[in-house]
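> For the protein sequence lines, the chains are A and B, in the order given. The working numbering numbers the first residue of the first sequence as 1231 and each following residue consecutively. The working numbering numbers the first residue of the second sequence as -3 and each following residue consecutively. Using N, Cα and C, we set each Cβ at its ideal position, and we do this for glycine too. Everything numeric in this text was worked out from a predicted model, so none of it was measured. Just dropping this structure here.
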Amino acid sequence: QKEVEQDPGPLSVPEGAIVSLNCTYSNSAFQYFMWYRQYSRKGPELLMYTYSSGNKEDGRFTAQVDKSSKYISLFIRDSQPSDSATYLCAMSAPSSASKIIFGSGTRLSIRP
Amino acid sequence: DTAVSQTPKYLVTQMGNDKSIKCEQNLGHDTMYWYKQDSKKFLKIMFSYNNKELIINETVPNRFSPKSPDKAHLNLHINSLELGDSAVYFCASSDPGAVLPYEQYFGPGTRLTVT
């Protein structure tokens, strides 16, 4: 079993829809939770981060962490064609903040 | 200004050859990484250096050898290339002393194809 599981998709939704992306994990030591966005033929870039449990909102994006269920989510409101990308969840433990474990990524396509 | 750069961007080579990929960052970061991303987009860490010292060395064949001449550069040399080495290799860097020590900055990737 992988430490981080993510549905690879692809996920295709119409413009303006609410998108929900999810990951589960098995290592209870993880405290830092991140979402990276990767456009085609580019390197990943950090989109959102949270520490421990709770919600965090940044514009149209909301990140949620439920440590009791070992489940994290990213919500995108009013999705735009420019949001089309692969979204990778990522997490690390305080003892090894440099070592990030990535999910396999969900490919998202927003149809105009 | 490119923060993390890699050369070459594309690399096509035959099985058995030896090749190198170079990475440079101008962010002043102390930590650099090599990742391998396979065809299913799974991004897996291979190595990490902090100020020229190896700190992460995942289960990677010893045909792969990283070298860090200084903290701004991390190169990856691959001996006796195999078909399974075909992937996109990403270099990244981070600042352990930053507010977000786990934020990593990625290069554009090197697409390696072994034929």
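Straight-line CA distance for PRO92 (chain B) to ALA68 (chain B)?
Whole-angstrom Cα-Cα distance: 15 Å.
> With a 10 Å radius around its C-beta and 16 neighbouring C-beta atoms as the bar for buried, classify MET1321 (chain A) as buried or exposed.
MET1321 (chain A) should be labelled buried.
> Taking the Cβ atom as the reference point for each residue, do ASP1308 (chain A) and GLY1246 (chain A) lie within a distance shorter than 7 Å?
For ASP1308 (chain A) and GLY1246 (chain A), yes; Cβs fall inside 7 Å.
> On the DSSP bridge list, what partners appear for VAL1243 (chain A)?
DSSP output for VAL1243 (chain A) lists A:ILE1340 as bridge partner(s).
> Looking only at its own chain, which residues have a Cβ that is under 7 Å from the Cβ of PRO1284 (chain A), when we skip the five neighbours before and after it?
Per the sequence shown, the amino acid found at residue 1284 (chain A) is Gly instead of Pro. Contacts found: VAL1295.
> In the DSSP assignment, what are the bridge partners of PRO62 (chain B)?
According to DSSP, PRO62 (chain B) bridges with B:LEU72.
> Counting beta carbon pairs with one atom in the stretch 1241 to 1259 of chain A and one in the stretch 73 to 93 of chain B, are three or more of them shorter than 8 Å?
These segments do not touch.
> What residues in the stretch 84 to 108 of chain B have a beta carbon less than 7 Å from any beta carbon of chain A?
Listed by position along the chain: PHE86, SER90, PRO92, LEU96, PRO97, TYR98, GLU99, GLN100, PHE102, GLY103, PRO104 and GLY105.
> Less than 7 Å between CB atoms is the rule here; does PHE38 (chain B) satisfy it with respect to chain A?
It does: the Cβ of PHE38 (chain B) has a partner Cβ on chain A nearer than 7 Å.
> Return the CA-CA distance between ALA1293 (chain A) and LEU1251 (chain A), expressed in angstroms with no decimal places.
Cα to Cα, the separation comes out at about 10 Å.
> Runs of 3 residues minimum, wholly inside the stretch 1281 to 1331 of chain A: which ones carry the beta strand (DSSP E) assignment?
Counting only runs of 3 or more, we get 1284 to 1288, 1291 to 1296, 1301 to 1306 and 1315 to 1322.
> Would you say the stretch -1 to 10 of chain B touches the stretch 37 to 55 of chain B, given that touching needs at least three Cβ pairs under 8 Å?
The answer is no - the stretch 37 to 55 of chain B does not touch the stretch -1 to 10 of chain B, with fewer than three Cβ pairs under 8 Å.
> My assumption, with CB atoms under 8 Å, is that VAL1249 (chain A) sits in contact with PHE1332 (chain A). Please give the rounded CB distance.
In fact, because the Cβ distance is near 19 Å, the residues do not count as touching under 8 Å.
> Measure the C-alpha to C-alpha separation of ARG1271 (chain A) and GLY105 (chain B) and round it to an integer number of angstroms.
Answer to the nearest angstrom: the Cα atoms are 8 Å apart.
> Taking DSSP as the reference, what is the three-state secondary structure of ASP79 (chain B)?
At residue 79 (chain B) the sequence reads Leu, which differs from the Asp that was named. Helix, per DSSP.
> When the cut-off is 7 Å and only beta carbons count, does ILE17 (chain B) lie next to chain A?
So no, ILE17 (chain B) is outside the interface.
> For ILE74 (chain B), return the contacting residues in chain A, with the cut-off set at a CB-CB distance below 7 Å.
Here the premise fails: no neighbours, minimum Cβ distance about 19 Å.
> For a quick check, are the C-beta atoms of LYS40 (chain B) and LYS32 (chain B) less than 7 Å apart?
Closer than 7 Å, so yes.
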